[in-house]
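A.B. asks:
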Amino acid sequence: MAVHVLWVIKGLGPGGAERLLVALAGAHDPEVATFECAFVVPWKDHLVADLEARGVRCHCLSTSRRDPRWPIRLARLARSSRFDVVHVHSPLPGSIARLAARSVPKARRPVLFTTEHNAWRTFRRPTRWLNRLTNRADRFTFAVSAEVAGSLRGPVVERSTVLVHGIDLPSVRAAAGGRAAMRAALGVGDDEFLFVTVANHRAQKDYPNLLAACARLRAHGVPFRLAAVGQGPLEDAARALHAELGLGDSVLLLGYRADSVDVLAAADAFVMASKWEGLPVALMEACALGLPCVLTEVGGMPDALGPDGARWVPPADASALAAAMAEVAGDAALRADLAAHATTAGEQFDVRRAAREIERHYVPPVPSWDAPVGLEGIEVRRAGPGEEAAAIALCQQVLGHADDAAWPALFQWKHRENPFGTSPMWVAVDDGRIVAVRVFMRWQFRHAGRVIDAVRAVDTATDPAYQGKGLFTALTLQGLSELEAEGVEMVFNTPNTQSRPGYLKMGWQVVGRLRPAMNLRSPVALPRVMRSRVPASLFPDEPTVGVPMGEWLDGGGLDRFPLPSGGGLRTAWTPDTLRWRFGAAVQPCRVVDDGHAAIVVERRRRGQVTELVCLLALGPTVAADRLLRRTVRRAGADVALRLGPPRPHAGFLPVPGAGPILTCRMLRPEPTPPLDDWDLELGSVVLF
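Residue numbers (the numbering used here): 61 to 748.
Right under this line is the structure:
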């Protein structure tokens with residue numbers, strides 16, 4: 061079933077972001093995603109008919125310029141429960157949509173996406189602040205250029221990518237056939253050199269700079285014509301300046317034109333004088349038409365065309381702009397070179413490619429596996445009976461635990477004693493010898509009243525002589541293919557920086573960073589804690605506080621503090637799984653229960669620091685924090701750690717840059733749950 065998406069944008073006038081939506085509407089696969097669009101500004105409805113002709117129902121949220129009820133209407137629409145995804149394309153209405161979506165019960169809450177079309181610094185300060193405050197709820201962010209991506213701040217950076225959007229290339233290129241007719245309609249002779257700009261009349265597009273450059277060309281006797289397509293709040297000011305400069309019919313201010321691509325196809329060159337940009341649609345169209353370009357060196361335009369792809373000038377420099385326009389108009393060889401660069405660059409602007417990438421994030425494809433090239437003679441298969449000892453030995457050797465006598469017991473506990481199920485294992489075998497291993501640990505989550513079968517991607521090892529041959533990928537994808545056929549719904553893990561790119565290439569999605577909070581036993585420990593940026597010890601120390609999990613369970617602990625129900629995606633704990641996870645001798649934990657709350661803790665060394673890690677908390681949050689704060693002193697630890705928001709007034713501070721990054725790969729055609737839909741504790745995600 062296709063996911064149903066609500067686009068949210070300020071208006072549907074003839075701007076670049078709005079035209080991108082029209083192109084995307086025609087490029088998306090209706091079997092993957094269907095769309096509706098909500099917009100705020102009622103007089104900017106130029107593209108409504110184009111969208112609705114492509115099957116996108118449009119909702120105007122305002123009845124007048126100062127209608128105060130549009131946020132209420134948008135909230136009602138976002139909360140209507142008929143949307144699987146809300147995709148934001150404008151910061152202010154998008155912020156309202158995010159807040160509205162957050163109020164939907166988690167079981168029905170739409171997943172949030174954002175496309176950032178402009179650098180954050182170009183937003184007004186209140187808009188920028190609200191956008192940054194609310195976009196933490198986003199599942200993923202697309203930035204239309206590297207410059208826009210570089211302007212992002214906060215957690216969104218970790219869940220973003222540059223996605224050059226695009227245009228309908230065949231449709232744009234077809235407009236070239238009407239070149240002669242359009243030039244005649246504009247009153248431009250065959251022997252006249254015509255520049256075209258397509259830019260709305262806003263401060264960003266800097267029409268005063270462009271018109272001043274045109275005045276310089278006239279003053280120096282350079283023959284040219286300019287046709288400018290666009291409307292906007294500064295259009296009257298531009299017309300007044302046009303008259304003041306005496307530009308006459310050398311510059312045609314055409315206003316809004318639904319046939320802007322046809323006007324562009326009549327050009328000999330494209331010009332844009334912007335002060336700032338994302339990656340303008342008009343530039344994509346100019347490249348698709350093979351037009352030589354004169355551009356200000358701003359935004360994503362230099363990245364898209366390269367240093368030799370256009371005649372580049374600084375912004376707000378009319379003299380430099382005029383000189384570049386004169387050079388292009390007078391040099392046929394230069395125009396041919398720039399046109400060739402533009403044509404090559406235009407190939408990257410196919411909207412169908414962008415649509416497939418967006419769809420992949422909406423509904424990641426089910427992974428598949430084919431035998432990798434170059435592995436002749438190596439068998440990739442599920443591990444058979446009697447192969448576990450060899451697999452354990454390989455893991456110990458490759459992972460640096462060859463002399464660790466406790467490691468086989470740890471493996472046995474994780475993969476054979478797990479009440480969620482025995483861990484499936486895949487091996488690569490060469491000439492009868494196991495040369496690579498991939499193990500998935502079974503897990504279960506509970507969400508919206510049902511149990512979700514999952515696996516965690518954990519232990520993997522490849523013999524050094526076989527590394528670089530694609531065995532890690534082959535084993536992983538073969539395993540996922542078989543697990544998906546068995547009904548497993550998702551795979552998750554918290555890979556480190558080194559291994560994360562490999563998982564992302566196989567279709568994993570970054571859900572987000574699970575941020576911890578810390579309570580210091582003493583402020584003097586802070587410098588030592590912040591310096592201890594090394595991995596924690598594999599095996600915890602024996603705690604000196606609390607009672608074993610089995611004893612706590614047998615004493616009626618769950619009667620006093622029942623396991624939470626409802627809420628987001630959480631581990632499906634039962635007495636058996638609690639006893640396994642937190643009651644094993646190989647990973648010693650203790651339960652501390654003061655009658656107001658109960659916490660499960662372990663004590664680990666991290667460099668010169670001793671940490672008391674709260675793996676699970678039951679009972680009221682305030683009571684659990686109070687108990688953990690007292691326990692860190694009794695346990696002789698330097699710092700206590702737990703997942704969840706900081707509470708500085710209660711002594712729990714944020715840990716900058718810390719916390720595991722959760723990744724997930726859905727094995728069925730559903731969107732990856734966003735970070736806010738996960739209710740996890742460290743006991744579910746820490747490496748063990």
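Even glycine gets a Cβ: it sits at the ideal position worked out from N, Cα and C.
Assuming contact is defined by CB atoms lying nearer than 9 Å, are Val458 and Ala514 in contact in what I supplied?
C.D. replies: Taking the sequence shown and counting its residues from 1, the one referred to as residue 458 is at position 398. Taking the sequence shown and counting its residues from 1, the one referred to as residue 514 is at position 454. Their beta carbons are not under 9 Å apart, which means Val458 does not touch Ala514 by this criterion.
A.B. asks: Under DSSP, the alpha helix (DSSP H) around Cys455 begins and ends at which residues?
C.D. replies: What you label residue 455 is simply residue 395 of the sequence shown in a count that begins at 1. Looking at the DSSP string, the run of the alpha helix (DSSP H) that includes Cys455 is Glu448 to Leu459.
A.B. asks: Beta-carbon within less than 6 Å of Gly147's beta-carbon, same chain only, minus the 5 sequence neighbours each way: which residues are those?
C.D. replies: Counted from its first residue, the sequence shown places residue 147 at position 87. Looking at the sequence provided, one finds His at residue 147 rather than Gly. Taking C-beta separations shorter than 6 Å and ignoring five residues to either side along the sequence, the partners of His147 in its chain run Val65, Trp67 and Phe173, following chain order.
A.B. asks: Excluding five sequence neighbours on each side, which residues of the same chain lie with their C-beta closer than 7 Å to the C-beta of Arg162?
C.D. replies: Numbered from its first residue, the sequence shown carries residue 162 at position 102. Around Arg162: Ala197.
A.B. asks: Figure out for me which residue from Thr557, Thr536, Trp503 and Lys565 has the closest Cα to the Cα of Val548.
C.D. replies: The residue given as residue 548 occupies position 488 in the sequence shown. The candidate whose alpha carbon is nearest that of Val548 is Trp503.
A.B. asks: Cutting at 7 Å between CB atoms, please list the residues of its own chain near Gly679, excluding the five before and the five after it.
C.D. replies: On the sequence shown, position 619 is the one that residue 679 refers to. The answer, listed in chain order, is Phe621, His656, Ala657 and Ala658.
A.B. asks: My understanding is that Ala577 touches Asn553, with C-beta atoms under 8 Å, so please give their C-beta distance in whole angstroms.
C.D. replies: Here residue 577 refers to the residue found at position 517 of the sequence shown. Here residue 553 refers to the residue found at position 493 of the sequence shown. Actually they do not touch by this definition, with Cβ atoms about 23 Å apart.
A.B. asks: Quick check: what's the CA-CA separation for Val699 versus Met344?
C.D. replies: Translated into positions along the sequence shown, residue 699 becomes position 639. Translated into positions along the sequence shown, residue 344 becomes position 284. Rounded to whole angstroms, Val699 to Met344 spans 54 Å at the Cα level.
A.B. asks: At the level of alpha carbons, what is the spacing between Arg285 and Thr257?
C.D. replies: Start at 1 with the first residue of the sequence shown, and residue 285 comes out as number 225. Start at 1 with the first residue of the sequence shown, and residue 257 comes out as number 197. In a straight line, the C-alpha of Arg285 is about 11 Å away from that of Thr257.
A.B. asks: Taking 9 Å as the threshold (C-beta atoms), are Ala348 and Gly437 in contact?
C.D. replies: Here residue 437 corresponds to residue number 377 of the sequence shown, with the count starting at 1. Here residue 348 corresponds to residue number 288 of the sequence shown, with the count starting at 1. Against a cut-off of 9 Å, the Cβ pair of Ala348 and Gly437 comes out as no contact.
A.B. asks: Kindly identify the DSSP beta-bridge partner or partners of Ala577.
C.D. replies: In the sequence shown, counting from the first residue as 1, residue 577 sits at position 517. Arg702 and Pro714.
A.B. asks: For the beta strand (DSSP E) containing Ala521, name the first residue and the last one.
C.D. replies: The count along the sequence shown starts at 1 and reaches residue 521 at position 461. Counting along the chain, the beta strand (DSSP E) containing Ala521 begins and ends at Arg510 to Thr522.
A.B. asks: Which of the three DSSP states is assigned to Gly434 in this structure?
C.D. replies: In the sequence shown, the residue the question calls residue 434 occupies position 374. Per-residue confidence for Gly434 stands at a pLDDT of 49, beneath the threshold of 50, marking its modelled position as unreliable; the derived number appears in the next sentence. If DSSP states are grouped into helix, strand and coil, Gly434 belongs with coil.
A.B. asks: So, with DSSP's three-state summary, where would you put Cys724?
C.D. replies: Here residue 724 corresponds to residue number 664 of the sequence shown, with the count starting at 1. Residue state, collapsed to three classes: strand.
A.B. asks: So, for His88: in the same chain, excluding its five sequence neighbours on each side, which residues have a beta-carbon less than 6 Å away from its beta-carbon?
C.D. replies: Residue numbering aside, residue 88 sits at position 28 when the sequence shown is read from its first letter. Here the set comprises Ala415.
A.B. asks: Out of Leu271, His401, Asp410 and Asp322, state which residue places its alpha-carbon closest to the alpha-carbon of Arg332.
C.D. replies: Stepping through the sequence shown from its first residue, residue 332 is reached at position 272. Reading the sequence as shown, one finds Met at residue 332 and not Arg. It is Leu271 whose Cα lies nearest to the Cα of Met332.
A.B. asks: Report the rounded CA-to-CA distance for Phe200 versus Leu159, giving the unit in angstroms.
C.D. replies: To locate residue 200, count along the sequence shown from 1; it is residue 140. To locate residue 159, count along the sequence shown from 1; it is residue 99. Going from the Cα of Phe200 to the Cα of Leu159 covers about 16 Å.
A.B. asks: Going straight from the alpha carbon of Glu542 to that of Gln569, what length do you get?
C.D. replies: Looking up residue 542 in the sequence shown gives position 482. Looking up residue 569 in the sequence shown gives position 509. So the two alpha carbons sit approximately 20 Å from each other.
A.B. asks: Could you give the DSSP three-state label for Met772: helix, strand or coil?
C.D. replies: No information on residue 772 is available, as it lies outside the stretch 61 to 748 that the chain covers here.
A.B. asks: With a Cβ-Cβ cutoff of 9 Å, do Leu152 and Asn191 count as a contact?
C.D. replies: Start at 1 with the first residue of the sequence shown, and residue 152 comes out as number 92. Start at 1 with the first residue of the sequence shown, and residue 191 comes out as number 131. Cβ atoms of Leu152 and Asn191: closer than 9 Å.
A.B. asks: Sorted by chain position, which residues of the same chain lie with C-beta nearer than 8 Å to Asp228's C-beta, five sequence neighbours on each side aside?
C.D. replies: Your numbering for residue 228 matches position 168 in the sequence shown. Contacts found: Ala83, Gly86, Ala87 and Val411.
A.B. asks: Mapping DSSP to helix, strand and coil, what is Gln504?
C.D. replies: Residue mapping note: residue 504 aligns to position 444 of the sequence shown, counting from 1. Looking at Gln504 - three-state DSSP - the assignment turns out to be strand.
A.B. asks: Which residues in the same chain have their Cβ closer than 6 Å to the Cβ of Leu735, if we skip the five residues on either side of it in sequence?
C.D. replies: Counted from its first residue, the sequence shown places residue 735 at position 675. Val571 and Gly572.
A.B. asks: Specify whether the stretch 397-404 and the stretch 296-310 touch according to this definition: at least 3 beta carbon pairs, one from each stretch, less than 8 Å apart.
C.D. replies: no
A.B. asks: Taking only beta-carbon positions, decide if Ala370 is within less than 9 Å of chain D.
C.D. replies: Judged by its chain identifiers, the structure shown contains no chain D, having just a single protein chain.
A.B. asks: Count the other CB atoms, across all protein chains shown, that sit within 10 Å of the CB of Thr221; report buried if there are 16 or more and exposed otherwise.
C.D. replies: Sequence index remark: in the sequence shown, residue 221 carries index 161 (1-based). Result: exposed.
A.B. asks: Between the stretch 250-270 and the stretch 317-336, can you find at least three pairs of beta-carbon atoms closer than 8 Å?
C.D. replies: The stretch 317-336 vs the stretch 250-270: in contact.
A.B. asks: Which residue marks the beginning of the beta strand (DSSP E) containing Ile659, and which one marks its end?
C.D. replies: Looking up residue 659 in the sequence shown gives position 599. Counting along the chain, the beta strand (DSSP E) containing Ile659 begins and ends at Ala658 to Arg666.
A.B. asks: What is the DSSP secondary structure of Glu419, reduced to helix, strand or coil?
C.D. replies: Position 359 of the sequence shown, counted from the start, is the residue given in the question as residue 419. Three-state DSSP puts Glu419 in a helix.
A.B. asks: Going by C-alpha distance, which of Val282, Val323 and Ala263 is nearest Asp296?
C.D. replies: To locate residue 296, count along the sequence shown from 1; it is residue 236. Nearest of Val282, Val323 and Ala263 to Asp296, Cα basis: Ala263.
A.B. asks: Classify Leu355 as helix, strand or coil using the three-state DSSP reduction.
C.D. replies: The count along the sequence shown starts at 1 and reaches residue 355 at position 295. Looking at Leu355 - three-state DSSP - the assignment turns out to be strand.
A.B. asks: If you draw a straight line from the C-alpha of Arg181 to the C-alpha of Gly390, how long is it?
C.D. replies: Against the sequence shown, residue 181 aligns to sequence position 121. Against the sequence shown, residue 390 aligns to sequence position 330. Using only the alpha carbons, I get a separation of about 37 Å.
A.B. asks: For Thr194, which residues of its own chain have a beta-carbon under 7 Å away from its beta-carbon, when the five flanking residues on both sides are left out?
C.D. replies: In the sequence shown, residue 194 corresponds to position 134, counting from 1. Excluding positions up to five away in sequence, the list reads Ser155, Arg158 and Leu159.
A.B. asks: Between which two residues does the alpha helix (DSSP H) carrying Gly210 extend?
C.D. replies: Indexing the sequence shown from 1 puts residue 210 at position 150. Residues Ala206 to Ser211.
A.B. asks: With 16 other CB atoms within 10 Å as the buried threshold, where does Thr482 fall?
C.D. replies: One-based indexing of the sequence shown puts residue 482 at position 422. Its Cβ having fewer than 16 others within 10 Å, Thr482 is exposed.
A.B. asks: Report the three-state DSSP secondary structure of Gly76 (helix, strand or coil).
C.D. replies: By one-based count along the sequence shown, residue 76 stands at place 16. Gly76: helix per DSSP, three-state reduction.
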